[in-house]
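Engineer:
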Amino acid sequence: MSKKEDKEFTIEDLPGVGATTAEKLRDSGYDNLMSIATTSPGELVELTGVGENVAKRIIHVARTKLDMGFETGEDILKKREQIVKITTGCKVFDEMLGGGFETGSISECFGEFGSSKTQIAHALAVNVQLPREKGGADGMAVFIDGESTFRPERIKQFSEALGLDSLEVLKNIKIARAFNSDHQMLVAEKVEDLIKEGLPIKLIIVDSLTAHFRADFVGRGTLSERQQKLNKHMHVLMKLAAQYNICVYVTNQVMSRPDVFFGDPTAAIGGNIVGHNSQTRIYLRKGKKGSRVAKLIDSPHLPDSECVFMVTDKGIEDLKIK
């Protein structure tokens, strides 16, 4: 088949996909070959009602049409060159991250209340709108607010400190209040609709990632179901990050581990599900005299390191480096 014919191949051309099935897929956001190729047979069965073997065949053909085979290291390097680093506004923090928060992946900040997780989220929502030469991504932000933490007044302060029009900055932030875990998952899935409308979304903030999951699934008997849903939610975010080169910034709550007798007993909620899906993990804690300490504890290409910063009315600012 020629390249021209490949480009004209639509989801209706997939085996077993008629008009009704295609409509169900499109209504659920599966309106292109990539979205179908990267889903699972179980999801297609649940969405369309087709048999499992038909679902597997649909996915197989979609993957074949997209030539989703092996890539060379050079191919991956070229893709990495498209990544944008979004500045925090703090030199030492950016240095610790190798230039800032990356697009194309999920970055997680976890820590106790008051450790500046949300303040960083607000700073990123402003900074992502800066031109690339100034540490931004020339894009818009989506703020999924799970704990009623979004403050337009804070955005106004950070914007004015950078000499930006605060009202224009606020217009470029799409906020969705999530009231439970299902609502939060639905809102995350709807972000793709904004992108398809042509909005230059370059940052997705989820504050907080795990709060609703903790509230909706109480007790050890519900732990398995909670983790399964959390895993599905993380994969939606990961897919958005990879497919559209978006920076996904999530905040996470912590708990104290009673079995730890030496060292810091603080642990992030979500266990391995969150840990494996977050490419960059940062532990935040309160420092001396109002400062905050950020510790990079996991990154595929950066060494573990630590920095100290301050949050002011101007944003995230330098203090000193350890």
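First residue of the sequence shown? That's 1 in this note's numbering, and the numbers climb one at a time after it. The beta-carbon is built from N, C-alpha and C at its ideal position, and this holds for glycine as well.
Give, in chain order, every unbroken run of the beta strand (DSSP E) that is at least 3 residues long and sits entirely within the segment 124–157.
Structural biologist: List check, beta strand (DSSP E) in window: 140–145.
Engineer: Evaluate contact between the segment 139–159 and the segment 104–123, counting only Cβ atoms and requiring at least three cross-stretch pairs below 8 Å.
Structural biologist: Because the criterion of three Cβ pairs below 8 Å is met, the segment 139–159 and the segment 104–123 touch.
Engineer: Could you tell me the boundaries of the beta strand (DSSP E) in which Ser-115 lies?
Structural biologist: If you number the sequence shown from 1, residue 115 lands on position 115. Segment: none, Ser-115 is in no beta strand (DSSP E) and carries neither H nor E.
Engineer: In chain order, what are the residue ranges of uninterrupted alpha helix (DSSP H) at least 4 long that sit wholly in the segment 60–96?
Structural biologist: Runs of the alpha helix (DSSP H) inside the segment 60–96: 73–80, 91–96.
Engineer: Mind the definition here: the segment 101–113 touches the segment 238–250 only if three or more C-beta pairs lie below 8 Å; say whether that holds.
Structural biologist: Touching, yes.
Engineer: Does the segment 78–98 come into contact with the segment 289–306, if we say contact requires no fewer than three beta-carbon pairs (one atom in each stretch) closer than 8 Å?
Structural biologist: In short, these stretches touch, since the Cβ pair count reaches three.
Engineer: What did DSSP end up calling Asp-318 once you bin it into helix, strand or coil?
Structural biologist: Against the sequence shown, residue 318 aligns to sequence position 318. It is a strand residue.
Engineer: Run through DSSP, which three-state label would Leu-199 get?
Structural biologist: Translated into positions along the sequence shown, residue 199 becomes position 199. Reduced to three states, the DSSP call for Leu-199 is coil.
Engineer: Counting along the chain, where does the alpha helix (DSSP H) carrying Ala-323 start and finish?
Structural biologist: Since the first residue of the chain shown is 1 and the last is 322, residue 323 is not available in this structure.
Engineer: Return the chain-ordered list of same chain residues with a C-beta closer than 7 Å to the C-beta of Asp-216, the five sequence neighbours on each side being excluded.
Structural biologist: Along the sequence shown, read from residue 1 onward, the residue named residue 216 stands at position 216. Asn-180, Ser-181, listed in sequence order.
Engineer: Which same chain residues end up closer than 6 Å to Leu-66 when comparing Cβ atoms and leaving out the 5 residues on each side of it in sequence?
Structural biologist: Taking the first residue of the sequence shown as position 1, residue 66 is located at position 66. Answer for Leu-66: Leu-33, Ala-37, listed in chain order.
Engineer: Below 8 Å on the Cβ atoms is my guess for Thr-21 versus Tyr-30; work out the distance and round it to an integer in Å.
Structural biologist: In the sequence shown, residue 21 corresponds to position 21, counting from 1. In the sequence shown, residue 30 corresponds to position 30, counting from 1. Rounded, the Cβ-Cβ distance is 10 Å, inconsistent with contact.
Engineer: Spatial neighbours of Arg-154 within its chain, please: CB distance less than 8 Å, with the 5 preceding and 5 following residues excluded, ordered by chain position.
Structural biologist: Numbered from 1 along the sequence shown, position 154 holds the residue referred to as residue 154. The answer, listed in chain order, is Gln-119, His-122.
Engineer: With a threshold of 7 Å on Cβ separation, who are the neighbours of Asp-239 within its own chain once the five nearest residues in sequence on each side are excluded?
Structural biologist: Taking the sequence shown and counting its residues from 1, the one referred to as residue 239 is at position 239. In the sequence on display, residue 239 carries Lys and not Asp. Around Lys-239: Thr-38.
Engineer: If you run the structure through DSSP and keep just helix, strand and coil, what is Gly-270?
Structural biologist: In the sequence shown, residue 270 corresponds to position 270, counting from 1. The answer is coil: DSSP assigns Gly-270 none of H, G, I, E or B.
Engineer: Using a 10 Å radius around the Cβ and a threshold of 16 neighbouring Cβ atoms, would you call Val-218 buried or exposed?
Structural biologist: Numbered from 1 along the sequence shown, position 218 holds the residue referred to as residue 218. Per the 10 Å Cβ criterion, exposed.
Engineer: Measuring straight from C-alpha to C-alpha, what distance separates Glu-317 and Ile-205?
Structural biologist: Residue 317 sits at position 317 when you count from the first residue of the sequence shown. Residue 205 sits at position 205 when you count from the first residue of the sequence shown. Computed Cα separation, rounded: 20 Å.
Engineer: What is the DSSP secondary structure of Phe-213, counted as helix, strand or coil?
Structural biologist: Counting from 1 along the sequence shown, the entry for residue 213 is found at position 213. Three-state DSSP puts Phe-213 in a helix.
Engineer: Tell me whether Ile-11 sits in a helix, a strand or coil according to DSSP, three-state version.
Structural biologist: In the sequence shown, the residue the question calls residue 11 occupies position 11. Note: Ile-11 maps to helix in three-state DSSP.
Engineer: Within the same chain, show all residues whose beta-carbon is closer than 7 Å to that of Arg-132, passing over the 5 residues directly before and after it, in chain order.
Structural biologist: Stepping through the sequence shown from its first residue, residue 132 is reached at position 132. If we look at Arg-132 and ignore the five residues flanking it on each side, its Cβ neighbours are Val-84, Asp-138.
Engineer: So what's Asn-245 in DSSP terms, helix, strand or just coil?
Structural biologist: Within the sequence shown, residue 245 is the residue found at index 245, counting from 1. Here Asn-245 sits in coil by DSSP.
Engineer: Within its chain, find whatever has a CB closer than 7 Å to the CB of Leu-170; leave out the 5 residues flanking it on each side and keep chain order.
Structural biologist: Along the sequence shown, one-based indexing puts residue 170 at 170. Counting only Cβ-Cβ distances below 7 Å, and skipping sequence neighbours, we find Pro-152, Ile-155.
Engineer: Taking all protein chains shown into account, decide if Leu-25 is buried (16 or more other Cβ within 10 angstroms of its Cβ) or exposed.
Structural biologist: Numbered from its first residue, the sequence shown carries residue 25 at position 25. Buried, by the Cβ-count rule.
Engineer: Nearest CA to the CA of Val-274: which residue from Ala-211, Phe-113, Phe-158?
Structural biologist: For the purposes of this step, residue 274 is taken as residue 274 along the sequence shown, with counting starting at 1. The shortest C-alpha separation from Val-274 is found at Ala-211.
Engineer: Per the DSSP calculation, Ala-294 is bridged to which residue(s)?
Structural biologist: In the sequence shown, the residue the question calls residue 294 occupies position 294. Looking at the DSSP assignment, Ala-294 forms a beta bridge with Leu-284, Cys-307.
Engineer: Closest to Pro-303 by CA distance: which of Ile-282, Arg-220, Gly-73 is it?
Structural biologist: In the sequence shown, counting from the first residue as 1, residue 303 sits at position 303. Residue Ile-282 is the option with its Cα nearest to Pro-303.
Engineer: Name the one or two DSSP bridge partners that Thr-312 has.
Structural biologist: Residue numbering aside, residue 312 sits at position 312 when the sequence shown is read from its first letter. DSSP lists Gly-315 as partners of Thr-312.
Engineer: Can you find the residues in the same chain that come closer than 7 Å, C-beta to C-beta, to Arg-57, ignoring five residues on each side of it along the sequence?
Structural biologist: For the purposes of this step, residue 57 is taken as the residue at position 57 of the sequence shown. Once the five neighbours on either side are set aside, the close Cβ partners of Arg-57 are Pro-15, Gly-16.
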